[in-house]
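A short worksheet on the structure shown next.
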Amino acid sequence: YKQELAKLERGLAEFRAKESLELQEELRTHVGDYLTLVWKERRKRDGDDLSAIFFSFQRGEPRPQIARRWSDYLSRHAKLFDPVFSLWHRYSALPSDEAGFTSGAQKILDELAAGTAKDPKKAINPHVRQAFVAAKPTSMPEVIKTYNDLFHAVQQQWNDALAAAKEKNAAAPAKLDDAAAEQLREVLYGNDSPATLAGVEIESLYDRKTRDEQTRLEKKIETLKVTSAGAPPRAMVLNDAPKPTEPAVFVRGNPSRRGKKVPRQFLEVIAGPQRQPFAQGSGRLEMARAIVAADNPLTARVLVNRVWMHHFGKPIVSTPSDFGTRSDPPTHPELLDWLAATFMEEGWSIKSLHRKILLSSAYQQASVDDPQRSAIDPENRWLWRMNRQRLEFEPLRDSMLTAAGKIDRKMGGRPVSLTATPATPRRTIYGLIDRQDMPGVLLAFDFPSPDVSADLRPITTVPQQALFAMNSPFALEMARAVAQRPDVQATKETEGKIRALFRATLARDPSADELARAEAFVARPASAAEAPTWQYGYGRYDAKEKRLADFQPFKHFVKSAWQPGAKLPDAKLAYLNVGAEGGHPGRENLATVLRWTAPSDMVLKLSGTLQHPSDQGDGVEAFVFSSRQGQLRTWSAKHKKTPTTIDRIEVERGETLDFVVGSRGADSYDSYGWSPLLESVGGEKIARWSASDDFHGPLPPPLDGWQMLAHVLMLTNEFVFVD
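With my numbering as the guide, the letters of the sequence shown map in order to residues 3 to 725.
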């Protein structure tokens, strides 16, 4: 773990150093751009007409924060004589009109041509003086160009010096030998330079691609820390700063417009007008003590209301996050106050609170309907019966694990993936929640967003919930495991097996009617497994004979594509693979094959686009081959897109259509895109089969009779609801 962590952290550090170096070198090559921005901003403040000013060396958009750094740098150096930028300040102070600027510029040139300054401390940098005497600028754009050329030359000189030292295997020089050139180099490379940035400053200039790459490297480190068995246990903690900042009101929500200071203190609506600011550090500890203070019953009332809601399905106060004057009043105010008071008296023990509620006669009521009481209180606000509740996803998944005899009751430990195959036996409470990549199954079962505080879960009934229980790999795996339990396998008698399945799933014996129906269910003859609508494989297509010579199903599904071996490229077949949007042919003239099987007699229309995106290689060729009719159509694509349309295809039940893509020569640069779409024609309801939308990995084997019975029992309301 330490070796891998050090490797990843070293990679991140090297990436940051490389990007920082390249970005700062880029900033140093655009001095002219930033001097132009500084000059334009000054002219704009002075109210001058900027329509005649246009000058830029930029190859990309200049960065406003760097322009501000250059402006601040020049302002600081204007207060004292600067051998490099003294001429900048003199030229920029000249009148803006052409005649005035030209006259003033000539006087500056005359002084420069006359020789060195009388005061050695005010001598202009020799390279600067020489450049301006040679350039004779008559406008600010020409002044800026002169400076830009100077800094470009000194940057090149410094890079040459570094390259020469590297070639001689010598230490990198600390400075240039020429003192005047070194003075110019310091403007670009010194600690005070506008182009010298570090840490957060340099990262704020990253483009999207660079930022995404850094995020990817950082995520690999965090993933290792979370998932590696060698990583030490961690708890997230909050450390107070030695000197907390004084918070202030942001005027109109703008952090740059700070209003009056706001002392850290408790809420006035609870603490009253005599409250005092917190005095210990950040005040968080004092805040926590105030929240659970004996004279603040609100916290305890909110908490017991949520625990009550967990057990009864409905809270005493219908708005768990709002106990204000606009919320609904509690249905049982005395009960809420008594629970809150005893909860605090018993040391805020949630275990004691659970015990008190679960042992109450109110909780232990049946959920059986009573017409007389239902007529008076149809919503059961007064709790004359127990509310029937559907299991949330976590206890539903744990119930399936328990029925299968697989649940791992170990306490604590690292989070685990809830979507892995085979399924993890750990309780669902230990599922890994990635805020940016929430498993779809959790969203389907109303799991609240981890990005915000949620007082309760919505209760929806959507098809995805039933589809999970019927078709998910997890549910099917649990059904197989229930049927394989030792107590189920211990008896060979049909009745004994059925009783064992009922006890494992519903914790009871079947009734006589249920027993008879279950016996008939498992006695049905097994139906032959139908071929899946889409199959994925490869083979050789004989273009001359216009037929597919053979079809070999792919055996490996890796990440999101089918391929012949566990690794890609394959040692023998190279990059042969197929995915939802396309694939790549292989060596030895092997083509990828999408095989579609007709579920009934019908007329179809084919549409789609064959793409060969690479600007290299000799392209790909696509064929549609029918097992009954032979070759139907062929297309090719080389560095382009080709429509693939057939308006009418008549097929019979069980007939297969093979969508074949092969190389036109060598298999290099033959990645292709093709997602055929089949739609029925002429019927009242259009059916469609999309190679992209219907794409799937390995399908689980069909359940046998006993496994299907176990599955059926776990689909019943009795299993899914608490009644």
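Ideal Cβ placement from N, Cα and C applies to all residues, glycine included.
| query | result |
| --- | --- |
| Please return the same chain residues whose Cβ sits closer than 6 Å to the Cβ of residue 73, not counting the five positions on each side in sequence. | 40 |
| Following the continuous alpha helix (DSSP H) through residue 191, name the residue where it begins and the one where it ends. | 181 to 191 |
| Using the three-state DSSP reduction, which class does residue 547 fall into: helix, strand or coil? | coil |
| Quick one: any contact between the stretch 304 to 315 and the stretch 383 to 391, if contact means 3 or more CB pairs under 8 Å? | yes |
| Which class does residue 369 belong to by DSSP, given the choice of helix, strand or coil? | coil |
| Spatial neighbours of residue 761 within its chain, please: C-beta separation below 8 Å, excluding the five flanking residues on both sides. | The question about residue 761 has no answer here: the residues shown for the chain are numbered 3 through 725. |
| Identify which residue in 684, 569, 396 has its Cα closest to the Cα of residue 435. | 396 |
| Under the rule that 16 or more other beta-carbon atoms within 10 Å means buried, what is residue 328, buried or exposed? | exposed |
| Quick check: residue 541 and residue 595, are their CB atoms within less than 7 Å of each other? | yes |
| Which runs of the alpha helix (DSSP H) at least 4 residues long sit entirely within the stretch 122 to 207? Give them in chain order. | 128 to 137, 142 to 169, 181 to 191, 202 to 205 |
| By DSSP's criteria, residue 624 is part of a beta bridge. Which residues make up the other side? | 637, 663 |
| With which residues is residue 558 paired in a DSSP beta bridge? | 565 |
| Sort 500, 410, 411, 404 by Cα distance to residue 727 and report the nearest one. | Since the displayed the chain opens at 3 and closes at 725, residue 727 lies outside it and no answer follows. |
| Does the stretch 512 to 527 come within contact of the stretch 484 to 498, defined as at least 3 CB pairs closer than 8 Å? | yes |
| Might you give, ordered along the chain, the residues of its own chain that have their beta carbon closer than 7 Å to the beta carbon of residue 287, omitting 5 neighbours on each side? | none |
| Quickly, what does DSSP pair residue 595 with across the bridge? List them, please. | 539, 662 |
| When the Cα atoms are used, what is the spatial distance from residue 658 to residue 605? | 13 Å |
| Pull up the CB-CB distance for residue 266 and residue 252, whole angstroms please, since I reckon it's below 8 Å. | At roughly 16 Å, the Cβ-Cβ gap does not stay under 8 Å, so residue 266 and residue 252 are not in contact. |
| Does the stretch 172 to 184 come close enough to the stretch 151 to 164 to have 3 or more Cβ pairs within less than 8 Å? | yes |
| Measuring CB to CB, does residue 29 end up less than 7 Å from residue 197? | yes |
| How is residue 714 classed by DSSP in three states: helix, strand or coil? | helix |
| Residue 612: which of 575, 654, 661, 215 sits nearest, CA to CA? | 661 |
| Which same chain residues end up closer than 6 Å to residue 423 when comparing Cβ atoms and leaving out the 5 residues on each side of it in sequence? | 475 |
| For residue 645, list the residues DSSP reports as bridge partners. | 611 |
| Which residue comes first and which comes last in the beta strand (DSSP E) that contains residue 2? | Because the chain is modelled from 3 through 725, residue 2 falls outside the range shown and cannot be assessed. |
| Which value, in whole angstroms, describes the spacing of the CA atoms of residue 579 and residue 218? | 26 Å |
| In the structure shown, what three-state DSSP assignment does residue 260 receive? | strand |
| Leaving out five residues before and five after residue 234 in sequence, what residues of the same chain have Cβ atoms less than 7 Å from its Cβ? | none |
| By the 10 Å Cβ neighbour count, where 16 or more other Cβ atoms means buried, how is residue 2 classified, buried or exposed? | A query on residue 2 cannot be resolved here, the shown segment of the chain reaching from 3 to 725 and no further. |
| For the stretch 335 to 407, list the alpha helix (DSSP H) runs that are entirely contained and at least 4 residues long, ordered along the chain. | 335 to 347, 352 to 360, 373 to 378, 395 to 405 |
| Do three or more CB pairs link the stretch 302 to 312 to the stretch 331 to 346 at distances below 8 Å? | yes |
| So residue 130 and residue 139 are in contact, right, with Cβ under 8 Å, and what is the actual spacing, rounded? | In fact, because the Cβ distance is near 12 Å, the residues do not count as touching under 8 Å. |
| Whether or not the stretch 555 to 562 and the stretch 499 to 512 are in contact is what I'm after, with contact meaning three or more pairs of Cβ atoms, one per stretch, closer than 8 Å; do they touch? | no |
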